[in-house]
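Before any comments, here is the structure.
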Amino acid sequence: MQKPTIFSKILNCPDKKNEKNSVADINGFGNNVLITGANRGLGLNMVEEIAKNYGVKRIFACCRDPDKAKDLVSLNLKYKVIHLIKLDVQNDKSIEVAAEEVKKILVNENLNVLINNAGIFEDTFGERTGGSFYFPQRDYWARHFDINVNGLAMVTAAFLPLLQQSAKAGERALLINMSSTLASISLGRIADFLKNGNVAYSMTKAAVNSYTHLVSKYLEKDGIITTCFCPGWVKTDLGTEVAELTVDQSIPPLMKTISNLKKEQNGNYMNRFDLYLFLDILSINTHFRHCDRLLTHSNIMT
Ligand SMILES: NC(=O)c1ccc[n+]([C@@H]2O[C@H](COP(=O)([O-])OP(=O)(O)OC[C@H]3O[C@@H](n4cnc5c(N)ncnc54)[C@H](OP(=O)(O)O)[C@@H]3O)[C@@H](O)[C@H]2O)c1
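For the sequence shown, the residue numbers in the working numbering are 1 to 302.
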């Protein structure tokens, strides 16, 4: 058993330097994984990375329109573990039908990992985007909240019984929510972001963090690990081509971190290397000082 350092004690996190690979390294995703927004961007790359490297039995790759999801269909031809599932996170009926379809395919098996990835960030920059501080548009904010927050909560509720069964059977059970560093209240990115930034998006992701933290407390007793992640600022339709990272710099480390998640990390808000973006969740001065140190020495502001 490793000796905890002062920081691992304070942060209730493992000391990475001495940490040995756990059983979770062998696979870390269990047999069955579900990903929303899987037809492009990060979701599509998650599907490929997991299919290629993690030996899972099934990946339920959910998207609004499987008939138009060309890249996902190509992946499906290459990796037989992929199942295309129609799912629109804004439509309750669609979520219900998708959950029934997944249950049917699983028969008596359980869902081990749910990745709530689907999300929007419309009109990236500019004072009049609708998500901005000075010119907010109600329908714009409502759409961001409906997809990024409400949809995530509805999908989670629909698939939760399958995750709970998994935990009950002693299998891997992970609930993963895609957040962003832009969600961070304490990191204060908003200050220089107000004029041109999409304030609505930041608020939705802060809500995702709040949701993650709240439900993690309830699901802990069931044996489910719930966390949220910033993938970094990544070149996708959402991240735009001026983003700092390619999907290959984001998704492999993110998937590795997820595969290694331990119960001590339940409720955390992390970047793709499992550095803690915890300031909005825990708020004592030590955490502020420690995070400033992390920020100085790493690239977690992406
Ligand atoms: N890229 C970044 O720099 C970055 C940074 C931080 C966090 N994130 C988060 O990571 C996640 C994925 O982002 P991304 O960069 O991959 O974005 P993206 O390339 O724009 O892809 C977004 C995905 O979400 C899906 N989606 C949107 N509305 C949906 C709905 N109503 N129902 C189901 N699916 C829906 C899209 O499907 P359609 O094709 O049908 O629209 C698409 O598959 C998002 O939650 C985002 O906030 C991204």
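From the three backbone atoms N, C-alpha and C, an ideal C-beta is built for every residue, glycine too.
Considering only the alpha carbon of each residue, which of Gly223, Leu182, Val199 lies closest to phenylalanine 135?
Cα-wise, what sits closest to phenylalanine 135 is Val199.
Alpha carbon to alpha carbon, how far is glycine 43 from glutamine 114? Give it in angstroms, no decimals.
Per the sequence presented here, residue 114 reads as leucine, with glutamine not at that position. Rounded to the nearest angstrom, the two C-alpha atoms are 12 angstroms apart.
Tell me the rounded alpha-carbon separation between phenylalanine 229 and asparagine 177.
Rounded to whole angstroms, phenylalanine 229 to asparagine 177 spans 7 angstroms at the Cα level.
Between asparagine 150 and the rest of its own chain, which residues show a CB-CB distance below 6 angstroms, the 5 nearest in sequence each way excluded?
Same-chain partners within the cutoff: there are none.
Ignoring anything shorter than 4 residues, give me the alpha helix (DSSP H) runs that lie fully in the stretch 132–218, in order along the chain.
138–145, 151–168, all fully within the stretch 132–218.
Given that a residue counts as buried once 16 or more other Cβ atoms are within 10 Å of its Cβ, and exposed if not, what is proline 161?
Looking at its Cβ environment, which holds fewer than 16 other Cβ atoms inside 10 Å, proline 161 is exposed.
Which of the three DSSP states is assigned to leucine 84 in this structure?
Strand.
What first and last residue would you give for the alpha helix (DSSP H) that runs through threonine 227?
It is not in any alpha helix (DSSP H) - threonine 227 instead sits in the beta strand (DSSP E) that spans 225–230.
To the nearest angstrom, how far is it from the Cα of asparagine 110 to the Cα of leucine 163?
Those two C-alpha atoms are separated by around 7 angstroms.
Under the criterion of a Cβ to heavy atom distance below 7 angstroms, does valine 89 qualify as lining ligand 1?
It does: the Cβ of valine 89 is within 7 angstroms (strictly closer) of some heavy atom of ligand 1.
Could you check if leucine 42 belongs to the surroundings of ligand 1, using beta carbon to heavy atom distance under 7 angstroms?
Yes.
For leucine 238, which of helix, strand or coil comes out of DSSP?
Coil at leucine 238, not helix or strand.
Can you tell which of Asp139, Pro231, Ala173, Arg64 has the C-alpha that lies nearest to the C-alpha of lysine 335?
Residue 335 cannot be examined here, being either before or after the span of the chain that is shown, 1 to 302.
Comparing the CB of isoleucine 147 with every heavy atom of ligand 1, is any distance shorter than 7 angstroms?
For ligand 1, at least one heavy atom lies less than 7 angstroms from the Cβ of isoleucine 147.
Do leucine 174 and valine 89 have their C-beta atoms within less than 8 angstroms of each other?
Contact flag unset, no.
Would you decide whether glutamate 48 is buried or exposed? Buried here means 16 or more other CB atoms lie within 10 Å of its CB.
Looking at its Cβ environment, which holds 16 or more other Cβ atoms inside 10 Å, glutamate 48 is buried.
Are the stretch 94–101 and the stretch 206–225 in contact at 8 angstroms, needing three or more beta carbon pairs?
No, the stretch 94–101 does not touch the stretch 206–225.
In the DSSP assignment, find the beta strand (DSSP E) that holds asparagine 53 and state where it starts and stops.
Run containing asparagine 53: none in the beta strand (DSSP E); it sits in the alpha helix (DSSP H), 41–53.
Specify the secondary structure class of alanine 305 as computed by DSSP and reduced to three states.
Only positions 1 to 302 of the chain appear in this structure, which leaves residue 305 out of reach.
Nearer than 7 angstroms: is that true of the beta carbon of alanine 98 relative to any heavy atom of ligand 2?
Ligand 2 is absent from the structure shown, which contains only ligand 1.
Whose C-alpha, out of Pro231, Lys57, Phe29, His83, is nearest the C-alpha of threonine 181?
For the residues Pro231, Lys57, Phe29, His83, the minimum Cα distance to threonine 181 belongs to Pro231.
Taking the Cβ atom as the reference point for each residue, do threonine 204 and asparagine 116 lie within a distance shorter than 8 angstroms?
No. Outside cutoff.
According to DSSP, is asparagine 271 part of a helix, a strand, or is it coil?
Strand, per DSSP.
Just mark tyrosine 140 as buried or exposed, buried being the case when its beta carbon has 16 or more other beta carbons within 10 Å.
Its Cβ being crowded by 16 or more others within 10 Å, tyrosine 140 is buried.
With DSSP collapsed to three states, give me the class of valine 247.
Helix, per DSSP.
Please report the distance separating the alpha-carbon of isoleucine 185 from that of asparagine 108.
C-alpha separation (whole angstroms): 42 angstroms.
DSSP three-state call for asparagine 91: helix, strand or coil?
In this structure, asparagine 91 counts as coil in the three-state DSSP scheme.
Quick check on asparagine 32: does DSSP put it in helix, strand or coil?
Asparagine 32: strand per DSSP, three-state reduction.
In the DSSP output, which residue or residues are listed as bridge partners for valine 113?
The partner list for valine 113 (beta bridge, DSSP) reads Val33, Leu174.
Run through the DSSP bridge pairs and tell me what phenylalanine 60 is partnered with.
Answer is Leu34, His83.
Taking a contact to mean a Cβ-Cβ separation below 8 angstroms, would you say methionine 154 touches aspartate 92 in this structure?
Contact: yes.
Which residues in the same chain as isoleucine 82 place their Cβ atom closer than 7 angstroms to its Cβ, once the five residues preceding and following it in sequence are excluded?
Excluding positions up to five away in sequence, the list reads Val47, Ala51, Ile59, Ala61, Leu75, Asn76.
DSSP three-state label for glutamate 122, please.
Of the three classes helix, strand and coil, the one that applies to glutamate 122 here is coil, per DSSP.
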